[in-house]
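Enquirer: My questions all concern the structure below.
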Amino acid sequence: MKKFQKISLVLSSVLLLPQISLATPLDEAIKDVDVSGFFRYRYDSASGNFWHKRGFQNGAGILSRQEHNWRAILGFDAAIADNFRAFIELGYSAADAGFGGDPMATGEAPQGADTTSQFNVREFFLTYTATALNTDIIAGKQQVDSIWTDNSFDGLIGTGIKVVNTSIEGLSLLAFAFDNFNTANNGDEGDIYNGGVWGNTASGEAISPFNENLYGAAALGNYEINHISLTPQLWLSYLDDSALFYAFTLGISTHFFEDVQWSLAAAYLGNSVDNKLKKYVDFSNNNFFGLSSTIDFSGFDASLGGLYYGDKNHYTLTTLEDLGNLGDFIAGEEIWYSDGSKFYGDLGENAFGFIKAGYTFNEVLRIGADFVYGGTKVGNVNFANKEAGKKFEAVARISYQYSPKLSFEAFYSYLNIDAKQEEAHKNSTRLQVLYQF
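Be aware that the sequence shown starts at 982, since it is given in this note's numbering, and climbs by one per residue.
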């Protein structure tokens, strides 16, 4: 989360009184309680003959859709003893369809305002800090926060333990073990392959990798050498009876003159899937390559990059959830949710290049655009990948940072696919208001 602020007396009293002994002074009980979170409103609209509409629960075909999305996160962090802190996070999510069909039949958000959704516990964990060892041990329900998962507000949640050590200057060592993931209600878009059930064995047994344990480790570096910043990362993880994942990324950044900054980012992600997935679900091993370069000067920013991943004859996955933590290697919005191109599981060999640029006025108002061009190759065209082919997306963006906590954003996206069987296009608009604290 962003910077914490002290919780108000009234709110902290309501949250903590049921657990506070009557003998404990109120000011002592709340003095080390901090609150963080955000409130967000999104208006999404989309139209076109596009099968998967990101942000909409059903994947309506040719129908236009619009939806109001409400999201709130409240996190409370408290020192409960020497070297121990407790954290609980409450989440709220609701979607109001401007117009649509029967939610029981199609999975759409119901038409009309949702006034029945409630706050639920999203994260709940305990942190022990071994100061002498520069080590944090975090146990409980928490975001996985890996290179294969969304690490922003709505990342994949798992129950488990995470250990972070920073004894070596410039190097963070991380180890984790998780189970019991929130595959049913994770993230903004809920992007877990097939809802977490990847297929069935010959006997009809469901293949559900997210019912298994996830183990992992990482080494995250941050060094400065002769005014050049280096940020290497090495990741390794294993999802029981499913796949071995490995990844390496490298970031390089430096300054030219006084106001010109140049950066280069490269990534390789690979995996080796279990024979059961190869046999029953037609999954194959995968390799992802990404490269991007960015320059910033005098309010202007521009990035040029490309990426390659997938297999034209077999299903593959690059991430466990949504787009993972690969924001440096993508541009655009909707193209990554098109047939054959989904990072979290799809059939298709993908190659894309992109350019994105913008200008920021007075450090608060940015106007920019993204352009992505490439395509998806498939061996045998079928209903599930009939819109694989040459792909192009153009996105216009505008954002305004009203204050350090309050921001406004909007984008318009046009996506066109020249496929073997049919052409597809999609027009998407998003308006967003975000307040972070």
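All residues carry an ideal CB built from backbone N, CA and C; glycine is no exception.
Hey, quick one: how far does the beta strand (DSSP E) through Lys1401 stretch, first residue to last?
Expert: Per DSSP, Lys1401 belongs to no beta strand (DSSP E) and is neither H nor E.
Enquirer: Taking the C-alpha atoms as reference points, what is the distance between Ala1113 and Val1178?
Expert: Approximately 44 Å, taken between the alpha carbons.
Enquirer: Starting from the Cα of Leu1217, find the closest Cα among Asn1207, Phe1106, Gly1251, Lys1372 and give me that residue.
Expert: The candidate whose alpha carbon is nearest that of Leu1217 is Gly1251.
Enquirer: Need the endpoints of the alpha helix (DSSP H) that Asn1268 sits in, please.
Expert: No alpha helix (DSSP H) holds Asn1268; the beta strand (DSSP E) holding it covers 1267 to 1278.
Enquirer: Taking Phe1237 as the reference, give the member of Leu1346, Phe1278, Gly1018 with the closest Cα.
Expert: Comparing Cα-Cα distances from Phe1237 to each of Leu1346, Phe1278, Gly1018, the minimum goes to Phe1278.
Enquirer: Going by Cα to Cα distance, which pick from Tyr1109, Tyr1204, Leu1220 is closest to Phe1159?
Expert: Comparing Cα positions, the closest option is Leu1220.
Enquirer: Over the uninterrupted beta strand (DSSP E) stretch that includes Lys1371, give me the two end residues.
Expert: Segment 1370 to 1382, the beta strand (DSSP E) holding Lys1371.
Enquirer: Specify, as a first and last residue, the run of the beta strand (DSSP E) that Leu1225 falls within.
Expert: Here the beta strand (DSSP E) through Leu1225 covers 1224 to 1237.
Enquirer: For the beta strand (DSSP E) that contains Leu1258, what are its first and last residues?
Expert: It is not in any beta strand (DSSP E) - Leu1258 instead sits in the alpha helix (DSSP H) that spans 1256 to 1261.
Enquirer: What residues in its chain sit with their C-beta under 6 Å from that of Glu1390, if we drop five residues either side in the sequence?
Expert: Excluding positions up to five away in sequence, the list reads Ser1380, Gln1413.
Enquirer: To which residues of the same chain is Gly1313 closer than 6 Å at the C-beta, ignoring the five residues directly before and after it?
Expert: Excluding sequence neighbours, Gly1313 sits near Asp1351, Val1353, Glu1374, Val1376.
Enquirer: Keeping to the same chain, check which residues put their C-beta closer than 6 Å to that of Ser1234; ignore five residues upstream and five downstream.
Expert: Result list for Ser1234: Ser1210, Ser1244, in chain order.
Enquirer: Give me the Cα-Cα distance between Phe1269 and Lys1259, rounded to the nearest whole angstrom.
Expert: Taking the straight line from one Cα to the other gives about 19 Å.
Enquirer: The beta strand (DSSP E) with Trp1216 in it runs from where to where?
Expert: Trp1216 -> beta strand (DSSP E) spans 1209 to 1220.
Enquirer: What separation, rounded to the nearest whole angstrom, lies between the Cα atoms of Leu1415 and Glu1186?
Expert: Cα to Cα, Leu1415 sits roughly 43 Å from Glu1186.
Enquirer: For Val991, which residues from the same chain have a beta carbon less than 7 Å from its beta carbon, with the 5 sequence-adjacent residues on both sides left out?
Expert: Because Val991 carries a pLDDT of 36, less than 50, the predicted location of this residue cannot be relied on, and the following value inherits that uncertainty. For Val991, where only same-chain residues beyond five positions count, there are no Cβ hits under 7 Å.
Enquirer: For Trp1243, which beta-bridge partners are listed by DSSP?
Expert: Thr1235, Ile1276, per the DSSP bridge assignment.
Enquirer: For Ile1149, count neighbouring C-beta atoms within 10 Å of its own C-beta (all shown protein chains included) and say buried if the count is 16 or more, exposed if not.
Expert: With fewer than 16 Cβ atoms within 10 Å of its Cβ, Ile1149 is classed as exposed.
Enquirer: Roughly how far, in whole angstroms, is the beta-carbon of Phe1418 from the beta-carbon of Lys1386, given that I think they are within contact range, below 8 Å?
Expert: Correct: roughly 6 Å between the Cβ atoms.
Enquirer: Gly1176: which of Ser1409, Ala1228, Leu1301, Arg1378 sits nearest, CA to CA?
Expert: Nearest C-alpha to Gly1176: Leu1301.
Enquirer: Helix, strand or coil for Asp1309 per DSSP?
Expert: Correct three-state label for Asp1309: helix.
Enquirer: 8 Å is my cut-off, CB to CB: does Ala1067 come that close to chain B?
Expert: The structure shown contains no chain B, having only a single protein chain.
Enquirer: Could you spell out where the beta strand (DSSP E) holding Tyr1196 opens and where it closes?
Expert: Taken as a continuous stretch (DSSP letters only), the beta strand (DSSP E) holding Tyr1196 covers 1195 to 1202.
Enquirer: Tell me which residue opens and which closes the beta strand (DSSP E) that Ala1328 is part of.
Expert: Note that residue 1328 is Leu in the sequence shown, not Ala. Where Leu1328 is concerned, the enclosing beta strand (DSSP E) stretches over 1327 to 1342.
Enquirer: Of the choices Ser1133, Val1016, Leu1152, whose alpha-carbon is the least far from that of Gly1202?
Expert: When each option's Cα is compared against that of Gly1202, the closest is Leu1152.
Enquirer: In whole angstroms, give me the CA-to-CA distance for Glu1408 and Ser1026.
Expert: According to the sequence shown, residue 1408 is Asn rather than Glu. Whole-angstrom Cα-Cα distance: 8 Å.
Enquirer: What's the gap between the Cα of Asp1222 and the Cα of Leu1195?
Expert: Going from the Cα of Asp1222 to the Cα of Leu1195 covers about 10 Å.
Enquirer: How would you write the range of the beta strand (DSSP E) that Gln1099 sits in, first residue to last?
Expert: No beta strand (DSSP E) contains Gln1099, which DSSP labels as neither H nor E.
Enquirer: According to DSSP, simplified to helix, strand and coil, what is Ala1165?
Expert: Ala1165 falls in the coil class under three-state DSSP.
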